[in-house]
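>
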Amino acid sequence: MRIYVPATVDELDAVTVTGDEAVWSLAPRAAHAVTSALSRELPDEDEEGLEFAAALEAADDSLALIAGRVGAPRQRLVVTVDVPDEMVSLTEPRGGETAEDVAPSAVEVTATIPEVRIVCVHVDEPEAATDIADVFAAADEDRDEDLDAALDRVSERDLLWYDWSELKSVPREK
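Last residue of the sequence shown? That's 211 in our numbering, and every number before it is there in order.
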């Protein structure tokens with residue numbers, strides 16, 4: 038199963054890149070995939086459109102990860118990997134959530150997968166860091182209008198695509 042893993046750019050430091058592959062030890066965590074729920078939600082989308090929708094959900098989750106990691110570069114990162122189907126389960130609503138609160142693409146990696154091969158990554162350009170900082174500042178200060186505007190700016194940014202062989206070239210916020 039192809040999954041889209043929200044991550045922070047500093048997590049790329051744990052990736053081993055050789056001439057043949059880039060591998061990463063993937064611990065249990067939230068991710069996104071093309072699920073039957075996503076297909077039902079977006080019936081007019083083809084496979085590529087569904088994959089894009091799942092990756093965008095992962096990018097949103099990456100923003101939340103960045104907020105929780107002091108010192109992490111302020112760039113959204115989505116790592117695309119193929120994992121065995123039995124290592125992934127659909128995300129169920131938790132504590133007070135309803136099914137509507139869970140993204141239709143949400144899945145969970147259920148156990149550590151050592152040395153999973155990375156297909157590619159999608160990452161914000163370093164200049165996105167300013168907009169991401171604005172999101173966090175507006176959220177901290179409960180400025181809803183500013184938060185909406187900052188989130189719009191972040192979501193309008195295109196994520197840059199890097200093949201597994203280019204991981205050393207991923208630009209980072211300084």
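Just so you know, even glycine gets a beta-carbon here, dropped at the ideal spot from N, CA and C.
From a predicted model like this one, the values you see are computed outputs, not experimental measurements.
Can you give me the C-alpha to C-alpha distance between residue 148 and residue 181, rounded to a whole angstrom?
Taking the straight line joining both Cα atoms gives about 38 Å.
> Could you tell me whether the segment 175 to 191 touches the segment 134 to 152, where touching means 3 or more Cβ pairs closer than 8 Å?
Contact fails: fewer than three Cβ-Cβ distances are below 8 Å.
> Are the CB atoms of residue 169 and residue 117 nearer to each other than 9 Å?
Result no, Cβ atoms of residue 169 and residue 117 do not sit closer than 9 Å.
> Would residue 111 be called buried (16 or more neighbouring beta carbons within 10 Å of its own) or exposed?
By the neighbour-count rule (16 or more Cβ atoms within 10 Å), residue 111 is buried.
> What span of residues does the alpha helix (DSSP H) with residue 187 cover, start to end?
Residues 181 to 193.
> Which residues bound the beta strand (DSSP E) around residue 60?
Counting along the chain, the beta strand (DSSP E) containing residue 60 begins and ends at 59 to 63.
> By alpha-carbon positions, which one of 121, 175, 198, 195 ends up nearest to residue 187?
Comparing Cα positions, the closest option is 175.
> Answer yes if the segment 93 to 108 comes into contact with the segment 118 to 129, meaning at least three C-beta pairs across the two stretches below 8 Å, and no otherwise.
Counting Cβ pairs under 8 Å, fewer than three are found: no touch.
> Near residue 109, which residues of its chain fall below 8 Å by C-beta distance, leaving aside the five closest residues on each side in sequence?
If we look at residue 109 and ignore the five residues flanking it on each side, its Cβ neighbours are 45, 46, 47, 102, 103.
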